[in-house]
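One structure below.
2 protein chains.
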Amino acid sequence: MTPPPVAGGSYVALIGLGSNQGDRPLFIRKALTALAHSTRCRLVAISPLYQSDPVGNPNDPNPYLNAVCRLETDLSARQTLDRLLDIEKSLGRVRRERWGPRTIDLDLLFVGDKIVEESGLTLPHPLATQRSFVLEPATQIDPEFRDPISDSPLHEIRNSLRTRGDWTPLQRLDFPMPQELTSRQEIRQFIQTSREKGQTVGFVPTMGYLHEGHASLLRQARLENDLVILSIYINPLQFGPEEDFEQYPRDKKKDFELARETGTDAILTLSEEPMYSPEHATYVEVKELTDHLCGASRPGHFRGVTTIVTKLFGLVSPDRAYFGQKDAQQAIILRRMTIDLEMNTKIRILPIVRESDGLALSSRNVYLDEKQRQEALGLHRSLLRAQELVASGERCTETIDSAVRDILNTCDGAQIDYIGLVDSQTLQPVERLERETLLALAVHFGRTRLIDNTLLTPLA
Amino acid sequence: MTPPPVAGGSYVALIGLGSNQGDRPLFIRKALTALAHSTRCRLVAISPLYQSDPVGNPNDPNPYLNAVCRLETDLSARQTLDRLLDIEKSLGRVRRERWGPRTIDLDLLFVGDKIVEESGLTLPHPLATQRSFVLEPATQIDPEFRDPISDSPLHEIRNSLRTRGDWTPLQRLDFPMPQELTSRQEIRQFIQTSREKGQTVGFVPTMGYLHEGHASLLRQARLENDLVILSIYINPLQFGPEEDFEQYPRDKKKDFELARETGTDAILTLSEEPMYSPEHATYVEVKELTDHLCGASRPGHFRGVTTIVTKLFGLVSPDRAYFGQKDAQQAIILRRMTIDLEMNTKIRILPIVRESDGLALSSRNVYLDEKQRQEALGLHRSLLRAQELVASGERCTETIDSAVRDILNTCDGAQIDYIGLVDSQTLQPVERLERETLLALAVHFGRTRLIDNTLLTPLA
Numbered sequence: 044m045t046p047p048p049v050a051g052g053s054y055v056a057l058i059g060l061g062s063n064q065g066d067r068p069l070f071i072r073k074a075l076t077a078l079a080h081s082t083r084c085r086l087v088a089i090s091p092l093y094q095s096d097p098v099g100n101p102n103d104p105n106p107y108l109n110a111v112c113r114l115e116t117d118l119s120a121r122q123t124l125d126r127l128l129d130i131e132k133s134l135g136r137v138r139r140e141r142w143g144p145r146t147i148d149l150d151l152l153f154v155g156d157k158i159v160e161e162s163g164l165t166l167p168h169p170l171a172t173q174r175s176f177v178l179e180p181a182t183q184i185d186p187e188f189r190d191p192i193s194d195s196p197l198h199e200i201r202n203s204l205r206t207r208g209d210w211t212p213l214q215r216l217d218f219p220m221p222q223e224l225t226s227r228q229e230i231r232q233f234i235q236t237s238r239e240k241g242q243t244v245g246f247v248p249t250m251g252y253l254h255e256g257h258a259s260l261l262r263q264a265r266l267e268n269d270l271v272i273l274s275i276y277i278n279p280l281q282f283g284p285e286e287d288f289e290q291y292p293r294d295k296k297k298d299f300e301l302a303r304e305t306g307t308d309a310i311l312t313l314s315e316e317p318m319y320s321p322e323h324a325t326y327v328e329v330k331e332l333t334d335h336l337c338g339a340s341r342p343g344h345f346r347g348v349t350t351i352v353t354k355l356f357g358l359v360s361p362d363r364a365y366f367g368q369k370d371a372q373q374a375i376i377l378r379r380m381t382i383d384l385e386m387n388t389k390i391r392i393l394p395i396v397r398e399s400d401g402l403a404l405s406s407r408n409v410y411l412d413e414k415q416r417q418e419a420l421g422l423h424r425s426l427l428r429a430q431e432l433v434a435s436g437e438r439c440t441e442t443i444d445s446a447v448r449d450i451l452n453t454c455d456g457a458q459i460d461y462i463g464l465v466d467s468q469t470l471q472p473v474e475r476l477e478r479e480t481l482l483a484l485a486v487h488f489g490r491t492r493l494i495d496n497t498l499l500t501p502l503a
Numbered sequence: 044m045t046p047p048p049v050a051g052g053s054y055v056a057l058i059g060l061g062s063n064q065g066d067r068p069l070f071i072r073k074a075l076t077a078l079a080h081s082t083r084c085r086l087v088a089i090s091p092l093y094q095s096d097p098v099g100n101p102n103d104p105n106p107y108l109n110a111v112c113r114l115e116t117d118l119s120a121r122q123t124l125d126r127l128l129d130i131e132k133s134l135g136r137v138r139r140e141r142w143g144p145r146t147i148d149l150d151l152l153f154v155g156d157k158i159v160e161e162s163g164l165t166l167p168h169p170l171a172t173q174r175s176f177v178l179e180p181a182t183q184i185d186p187e188f189r190d191p192i193s194d195s196p197l198h199e200i201r202n203s204l205r206t207r208g209d210w211t212p213l214q215r216l217d218f219p220m221p222q223e224l225t226s227r228q229e230i231r232q233f234i235q236t237s238r239e240k241g242q243t244v245g246f247v248p249t250m251g252y253l254h255e256g257h258a259s260l261l262r263q264a265r266l267e268n269d270l271v272i273l274s275i276y277i278n279p280l281q282f283g284p285e286e287d288f289e290q291y292p293r294d295k296k297k298d299f300e301l302a303r304e305t306g307t308d309a310i311l312t313l314s315e316e317p318m319y320s321p322e323h324a325t326y327v328e329v330k331e332l333t334d335h336l337c338g339a340s341r342p343g344h345f346r347g348v349t350t351i352v353t354k355l356f357g358l359v360s361p362d363r364a365y366f367g368q369k370d371a372q373q374a375i376i377l378r379r380m381t382i383d384l385e386m387n388t389k390i391r392i393l394p395i396v397r398e399s400d401g402l403a404l405s406s407r408n409v410y411l412d413e414k415q416r417q418e419a420l421g422l423h424r425s426l427l428r429a430q431e432l433v434a435s436g437e438r439c440t441e442t443i444d445s446a447v448r449d450i451l452n453t454c455d456g457a458q459i460d461y462i463g464l465v466d467s468q469t470l471q472p473v474e475r476l477e478r479e480t481l482l483a484l485a486v487h488f489g490r491t492r493l494i495d496n497t498l499l500t501p502l503a
């Protein structure tokens with residue numbers, strides 16, 4: 044996947060992070076959190092953590108922990124550097140001795156293709172193409188990035204460095220396996236301990252069988268919180284009687300591995316206790332917003348979702364919870380719910396993640412046979428077609444609906460459940476595109492129901 | 044009101060509390076909290092706080108803060124004394140110097156009519172009948188308690204002491220006026236600050252027009268928590284279209300005064316912001332339990348209650364919330380809701396508070412004219428009659444229902460809404476009394492609807 048294009052006037056900056064003192068992963072994480080929250084900056088990628096032997100300073104035996112991140116920003120190079128110095132300072136770094144121990148070390152490696160030689164600011168950073176502990180993580184996130192001096196992509200420079208052999212051994216530091224929380228008592232204790240330390244909690248509720256879409260939520264949660272909790276629970280309450288509750292795919296081992304890779308701290312499975320007691324009688328319902336689209340096709344579905352999410356929020360008390368834009372209606376309903384019920388959880392919605400051919404990732408994609416998988420690409424094609432129409436000035440939703448329908452009708456075996464063109468806030472049907480409008484699709488391929496959507500924004 | 048009778052084998056103990064160092068009201072409050080949570084003890088009354096000049100010690104210029112509380116316990120006098128010493132110790136008191144400053148001083152003044160003279164334990168306490176800073180607060184909570192030595196009630200001893208003039212001036216220390224929380228931001232900030240200090244929060248949600256029933260909730264909350272928050276909000280969502288939302292009585296000034304007297308820290312009024320936004324669409328519903336009794340007579344009422352309570356819990360994040368047994372069905376529904384939605388709030392239900400003639404306190408009693416007020420006593424009479432029948436062996440709920448109905452039918456102007464004999468957990472109608480059964484009544488007097496109830500427990 045390519046990251047979204049950088050908006051006009053923005054640069055890609057690669058930033059090196061290092062720490063050789065104290066709780067090193069925590070310092071790197073805190074610096075990344077600060078960058079992620081920095082205005083006019085967008086943190087789009089983070090490398091794994093690497094450990095390297097200390098370089099240069101014979102008096103300092105501590106190994107360094109290193110990472111590189113990719114930032115998009117419309118700040119100037121100088122302003123970006125000042126941000127980095129501010130973050131170092133806020134994390135207790137004193138730039139005094141050349142070889143002093145470093146709680147955190149932030150280096151501006153590259154800012155686009157800029158070549159700068161000013162007081163205190165050299166671009167590219169003099170060590171950016173010299174050190175494997177920079178090049179190794181940088182290559183992981185942006186292998187094709189070109190060093191503006193040699194005009195070579197990073198992966199080539201990294202390889203040539205490796206052959207020259209002047210690098211210190213690297214050790215990739217993996218995150219530890221997340222702790223499984225199997226009972227309410229374990230959950231509450233985990234949360235209680237984190238609260239007492241003043242830690243923030245990011246939460247990603249899922250039904251398991253994780254894919255890159257879930258991973259994107261976990262990575263964002265990792266950026267923005269001290270603790271990341273994932274829940275895996277296939278919630279019977281949100282399945283209709285004819286739906287796929289029984290067959291819903293499961294792969295606990297793979298889920299745990301993906302969670303570990305993204306730096307998840309704990310996984311709530313509640314495997315030792317029933318989620319709903321036999322006396323359970325309480326339901327959370329959002330009216331109106333649930334009448335349309337999937338709400339109309341799947342009666343009771345959203346009541347199941349809002350009820351389980353309320354329960355999970357009760358257990359986890361998250362500061363932020365992460366959901367995908369793929370379930371667009373769910374996202375709007377959950378935002379409404381948290382506001383209406385005064386919940387202390389911010390709902391964060393992240394973009395749809397697609398396969399390289401455009402198919403939106405979904406745990407249910409495993410149900411598709413090869414032919415269906417191919418035909419299902421029509422969903423994304425029809426969304427692109429709608430985008431195209433809107434870009435060329437079309438405002439009539441009936442026309443857009445027809446164009447989408449025409450494409451879906453060419454997909455062999457596709458049965459359209461709905462094509463919705465609705466207000467992106469109220470979900471009320473829209474006749475003319477005057478503001479942001481949600482185009483949402485649900486299409487059956489055999490017994491498999493796929494959904495996809497896009498936001499249509501008429502430009503003035 | 045008389046406190047409930049002391050169970051067999053229990054004693055009434057009067058305990059003096061004093062502090063002349065540090066945050067004195069906090070130390071006294073903490074000691075009271077420890078007593079309230081002590082096993083085999085029931086804290087039933089606390090005097091106001093009094094301030095007295097230091098007595099005896101010329102080197103200590105700090106005034107003392109004093110209070111007396113009444114404990115019911117089946118511990119021995121020696122065991123009770125040990126509890127007090129433990130609490131002193133846990134609050135940092137070191138019993139070393141006779142005149143040293145005292146963060147907290149707990150004295151066992153009286154244990155029933157016991158007269159004891161042992162090593163370290165003298166009952167009554169030698170100063171119990173000598174010091175006005177003991178007798179004044181003790182008289183406030185138990186004026187008829189008799190000193191076992193003189194066999195005189197405390198108020199007489201206090202008066203004779205006063206005439207002898209050997210007491211230091213007393214100053215009654217009132218609690219400060221509670222802080223009004225008028226916006227969400229104010230509420231969240233207040234809660235945030237308390238959380239950072241690790242304080243526990245007790246919450247009493249009301250519709251205002253407070254009476255002694257509410258006061259009993261606030262006092263219990265004061266005992267069990269570091270902070271007490273009251274909310275006053277007349278929730279339109281729980282009133283039917285034909286009900287008394289518009290006329291519901293209001294008296295903000297009196298409410299604030301009562302809240303102050305009970306030691307409430309803050310009052311949530313949210314007067315600057317709407318409680319429900321125009322887009323509000325989320326409702327919390329408890330099924331089944333809401334089908335009976337008031338749920339049947341007042342459709343939508345409990346949905347309104349569970350929704351507003353969820354919102355208020357979201358705003359306040361209380362550790363404990365206090366409700367009256369008078370709304371028996373509401374209590375059961377809210378317990379169910381907090382369990383089902385994994386809320387981190389413990390629901391505490393306190394006994395019905397009645398006027399001396401038996402009428403259950405209710406804000407709606409002001410609607411009654413003098414004649415109706417008199418006829419309304421039939422509710423309590425009919426409950427007592429049912430108790431009597433059960434005590435004499437009656438198990439058939441039809442018979443009990445008839446007896447209750449007969450009494451209510453003698454009340455001029457009474458229109459029975461329902462007489463319910465239901466399982467006290469499930470609220471399902473019961474035919475034979477085999478375990479704890481709720482007898483609940485709703486009766487109209489003119490436009491005023493009164494409810495009352497009692498628990499019937501068949502003894503083997």
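Sequences listed follow chains A and B, in order.
According to the numbering used here, the first sequence is numbered sequentially starting from 44.
According to the numbering used here, the second sequence is numbered sequentially starting from 44.
Quick reminder that beta carbons are idealized off the backbone N, C-alpha and C, glycines included.
What residues of chain A sit near residue i, judged by a beta carbon separation below 8 Å?
i	result
B:Arg379	Glu322, Ala324, Thr325
Starting from residue i, follow its DSSP beta bridges and name the residues at the other end.
i	result
B:Ser274	B:Pro248, B:Leu311
B:Ile390	B:Ala364
A:Asn504	Any property of residue 504 of chain A remains undetermined from this structure, which presents chain A solely from 44 to 503.
B:Pro191	The partner list for B:Pro191 (beta bridge, DSSP) is empty, contrary to what the question assumes.
Pull up the distance between the alpha-carbon of residue i and that of residue j, whole angstroms please.
i	j	result
B:Cys112	B:Leu86	7 Å
A:Ile277	A:Ile351	10 Å
A:Lys296	A:Glu331	39 Å
B:Ser320	A:Asp383	8 Å
B:His335	A:Ile375	34 Å
B:Ala403	B:Leu426	11 Å
B:Arg83	B:Leu377	27 Å
A:Leu393	A:Gln368	6 Å
B:Asp15	B:Gly343	In the structure as shown, chain B begins at 44 and stops at 503. Residue 15 of chain B is therefore absent and cannot be evaluated.
A:His323	A:Pro221	30 Å
A:Leu164	A:Arg121	7 Å
On the CB-based measure, 16 or more other CB atoms within 10 Å of its CB, does residue i come out buried or exposed?
i	result
B:Met386	buried
B:Arg512	No statement about residue 512 of chain B is possible, as the shown extent of chain B runs from 44 to 503 and does not include it.
A:Gln232	exposed
B:His80	exposed
A:Cys439	exposed
B:Asp129	exposed
Would you mind telling me which residues of chain B sit closer than 8 Å to residue i, beta carbon to beta carbon, in chain order?
i	result
A:Glu331	Ala324
In chain B, what lies closer than 7 Å to residue i by C-beta?
i	result
A:Thr353	Leu384
A:Leu336	Correct list: empty, because the minimum Cβ distance to chain B is about 15 Å.
A:Gly357	Leu384, Glu385, Met386, Asn387
What residues from chain A crowd round residue i, counting only those whose CB sits closer than 9 Å?
i	result
B:Glu328	Ala324, Thr325, Tyr326, Val327, Glu328
query = Quick one: complete beta strand (DSSP E) runs, 3+ long, within the region 351-380 of chain B?
reply = 363-367
Beta strand (DSSP E) runs wholly inside the region 420-479 of chain A, at least 3 long, in chain order = 457-466
task = Please specify which runs of the beta strand (DSSP E), each continuous and at least 3 residues long, are wholly inside the region 121-179 of chain B, giving them in chain order.
result = Those beta strand (DSSP E) runs which fall completely within the region 121-179 of chain B and span 3+ residues are 148-154, 159-161, 164-166.
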